[in-house]
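Data first, discussion second: the structure below is written as structure tokens.
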Amino acid sequence: SDNLAPLGGDAVGYLGRLLSLRLIGRLELEPNRPGEGLDCLPLSLRVVQSIPEPFLLGETLHSVLNADKAQWFLGEIDTALKKKKLHLVQYALTAADQLAGIDAPPEPAHWFEGRIQALDFQVQGEDAVLWVANSITERHQLEEKLKSLSETDVLTGLWNRRRFDQAAASEHERALRYGYPIALLIFDIDHFKVINDTYGHGVGDEVLTELAQVVMACIRRSDMAIRWGGEEFTILMPHGDLDAASTLAE
Numbered sequence: 021s022d023n024l025a026p027l028g029g030d031a032v033g034y035l036g037r038l039l040s041l042r043l044i045g046r047l048e049l050e051p052n053r054p055g056e057g058l059d060c061l062p063l064s065l066r067v068v069q070s071i072p073e074p075f076l077l078g079e080t081l082h083s084v085l086n087a088d089k090a091q092w093f094l095g096e097i098d099t100a101l102k103k104k105k106l107h108l109v110q111y112a113l114t115a116a117d118q119l120a121g122i123d124a125p126p127e128p129a130h131w132f133e134g135r136i137q138a139l140d141f142q143v144q145g146e147d148a149v150l151w152v153a154n155s156i157t158e159r160h161q162l163e164e165k166l167k168s169l170s171e172t173d174v175l176t177g178l179w180n181r182r183r184f185d186q187a188a189a190s191e192h193e194r195a196l197r198y199g200y201p202i203a204l205l206i207f208d209i210d211h212f213k214v215i216n217d218t219y220g221h222g223v224g225d226e227v228l229t230e231l232a233q234v235v236m237a238c239i240r241r242s243d244m245a246i247r248w249g250g251e252e253f254t255i256l257m258p259h260g261d262l263d264a265a266s267t268l269a270e
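The opening position of the sequence shown corresponds to residue 21 in our numbering, with each subsequent residue numbered one higher.
Listed below in structure tokens is the structure:
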């Protein structure tokens, strides 16, 4: 395709052209022999919902996607062609990824798992891949929710110690590589046991929650507030020096 930057090799032309892409409907795979899973061949392909008109046939990736997203697709296709074996990717598509005139997926993003297989024959004289995309939006959202729950303190909504351990290690590595400072604040609530013993644990929980809200209102977007445990808290400040940390602490 004349509007694509060359990737090298004989596959350049076909990488950008959707020569055989047609939306024919929703398809289902089913075993030819009852009781066998989909991993057992042979399989039958059945159209369960027909869509009358094909679209995107003959278009290029750059004519339906913005430049960055189109180049990402081309890069994954190129990788699959070089590997000569099944290549798996996960990716999101949003309205911002698409050019005008193309129906946008649901916001904020629609997630897919792509299974890309280089074909062992050429299509119209050019190397080609078969790209099968499965929607995994619901699965991705569930995974993100579970990840968030595993890294978040339920009471205060701050990050927990597990998340801090991961973030501290990665930030330390980046700080060493790029030469920027990191500040770390550690503090606790004085006489917190007295509050619990005098007013009850419900009031103690309210104190912890209120303190977390105060902390979140004071820190930068790049800072990380953590409930370390009990009444102990930590704030990780990438690009924060001693003066900045002292000001925040006060």
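C-beta: ideal position from N, C-alpha, C; glycine also.
- The Cβ atoms of Ile246 and Phe184 lie closer than 8 angstroms to each other.
- Counting other Cβ atoms within 10 Å of its Cβ, Asp140 stays below 16 and is therefore classed as exposed.
- With a beta-carbon spacing of about 10 angstroms, Ala269 and Met257 fall beyond the 8 angstroms limit used to define contacts.
- If you draw a straight line from the Cα of Thr172 to the Cα of Glu79, it comes to about 45 angstroms.
- Between Leu150 and Asp225, the CB-CB gap reaches or exceeds 8 angstroms.
- With 16 or more other Cβ atoms from the protein chains shown falling within 10 Å of its own Cβ, Asp243 counts as buried.
- Ranking Ala153, Leu101 and Phe132 by CA distance to the CA of Arg159 puts Phe132 first.
- When rounded, the separation of the alpha-carbon atoms in Thr267 and Ala100 is 52 angstroms.
- The alpha carbon of His259 has as its nearest neighbour, out of Val214, Glu251 and Arg197, the alpha carbon of Arg197.
- Non-local beta-carbon contacts of Ala129 in its own chain, meaning distances under 6 angstroms to residues more than five positions away in sequence, involve Ala112 and Thr114 in chain order.
- Between Ile255 and Val234 a beta carbon distance of about 12 angstroms is seen, past the 8 angstroms cut, so the two are scored as non-contacting.
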